[in-house]
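To convert, note that position 73 of the sequence shown is 407 in this note's numbering; the numbers rise steadily by one, no gaps. Beneath this line is the structure, given in structure tokens, with notes to follow.
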Amino acid sequence: MPQRPGVRLGVDVGDARVGLAATDPDALLATPVMTLRRDPNRGSDLRMLTKIVADRAVTVIYVGLPLSLSGAETPSTQKARDYAQALSGRLAEAELSADVRLVDERLSTVSAADKMRASGVESKDQRDRIDQAAAVEILEHALEIRRTQGVEPGRACG
């Protein structure tokens, strides 16, 4: 499958928050965007995410798929799949053609926390930024796969 040009979005789905990171239009550099509060009842997080996809002209969205170190599914795996499916449906309703792909996110939050600690951010100050940092980790991992293997990483959703 040929690679589509354009902005990529990394999404770290948690029970309470959703971290977002985005690339530049050439998909070279991943930067934090924001953290959304999860709103499973009213879907305000999905509405905001759809708006961000439209505003930034995002072509591919990588939703982190939490797996165990052995690669087995975890209790959070299905939640991420459901979120990716709901996002894919919202994008279709909005007539946006961004691909939603599930990518392995093993250790993304751990790696993000380690990097934040190494840069001097204290644990108590990490909470507001950890979800964005984990989204950056997911996005950087996906970009590395694109660079080295020449394919869009992950599995298409929707």
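Virtual Cβ for every residue (Gly too), placed ideally from N, Cα, C.
| Check | Outcome |
| --- | --- |
| Three or more C-beta pairs below 8 Å linking the stretch 384 to 400 and the stretch 342 to 356 | yes |
| Every unbroken beta strand (DSSP E) within the stretch 344 to 411, with a cutoff of 3 residues, ordered by chain | 351 to 357, 364 to 371, 392 to 399 |
| Alpha-carbon spacing of Ala420 relative to Leu380, whole angstroms | 8 Å |
| Start-to-end residues for the beta strand (DSSP E) that takes in Leu430 | No beta strand (DSSP E) contains Leu430, which DSSP labels as neither H nor E. |
| Leu403 versus Ala476 - alpha carbon distance | 18 Å |
| DSSP-derived helix/strand/coil call for Val485 | coil |
| Neighbour-count burial assignment, Gln466, 16 or more Cβ in a 10 Å radius | buried |
| Buried or exposed by the 16-neighbour rule on C-beta atoms within 10 Å, applied to Asp433 | buried |
| C-beta atoms of Arg489 and Leu425 nearer than 8 Å | no |
| Asp438 versus Ala469, Leu362, Ser422, Gly423, residue with shortest Cα-Cα distance | Ala469 |
| For Arg463, three-class secondary structure by DSSP | helix |
| DSSP-derived helix/strand/coil call for Arg435 | strand |
| Secondary structure of Arg342, DSSP reduced to three states | strand |
| Asp373 to Glu486 span [Cα, whole Å] | 29 Å |
| Ala490 in three-state terms, based on DSSP | strand |
| Arg351 beta carbon less than 8 Å from that of Leu370 | yes |
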